[in-house]
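Residue numbers (my numbering): 1 to 187. Backbone N, C-alpha and C fix where the C-beta goes; we use that ideal spot for every residue, glycine too.
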């Protein structure tokens, strides 16, 4: 019986080690293929809050947008409980700002997201702060106010299911969604 309990412990340790190893692999982001037609995020109807109207969240209004180099990357990731753009996110934002500056008719929606930790209200606010942070960076680097709308989905639309750091890291993001229709006029 002691041998049976010992064998169970070994199996549990091996399963836990395999889960941790596979979980570490899931955190790696594959590089998108620049020439292929890109996909923007799938917007869901519902729980968002922010400056975008319900009509702006319509999937029919989404465009493919530019696909070359850093422009193919549409995600800016954030640290836990932070709205500061860091690392590769600064290069992604700079590339999109340059593109928007050169294409005045192009419109984008910035969708702020958080991981599941924190209250719903706090996460909606944090998602909005993240979207506004990217908006400010775009404006400082050449985009215009009329080209950008923001919305926060908080924790309501996770990119990665799961309740671990690898999933949470993928969910702390702003998605840059290119639109086909002009943004509604601001009052």
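Which same chain residues end up closer than 7 Å to residue i when comparing Cβ atoms and leaving out the 5 residues on each side of it in sequence?
i	result
residue 148	108, 110, 135 and 138
residue 70	91, 92 and 95
Any idea which residues DSSP pairs residue i with across the strands?
i	result
residue 177	109
residue 75	175
Please report the straight-line C-alpha distance between residue i and residue j, rounded to a whole angstrom.
i	j	result
residue 41	residue 179	Caution is warranted here: a pLDDT of 35 is assigned to residue 41, below 50, making its placement in the model unreliable, and no coordinate value can be reported.
residue 171	residue 165	10 Å
residue 115	residue 169	7 Å
residue 118	residue 4	42 Å
residue 6	residue 160	35 Å
residue 122	residue 99	32 Å
Tell me, to the nearest whole angstrom, how far the beta carbon of residue i is from that of residue j; I am working on the premise that it is less than 8 Å.
i	j	result
residue 112	residue 152	4 Å
residue 84	residue 133	7 Å
residue 143	residue 101	6 Å
Cutting at 6 Å between CB atoms, please list the residues of its own chain near residue i, excluding the five before and the five after it.
i	result
residue 78	130 and 172
Hey, could you find the ends of the alpha helix (DSSP H) residue i is sitting in?
i	result
residue 124	120 to 140
residue 200	For the chain, the structure presents residues 1 to 187; residue 200 sits outside this window and is missing.
Starting from residue i and walking both ways along the beta strand (DSSP E), at which residues does that stretch end?
i	result
residue 150	148 to 154
Does the ligand ZN have a heavy atom nearer than 8 Å to the CB of residue i?
i	result
residue 87	Absent from the structure shown: the ligand ZN. Ligands present: none.
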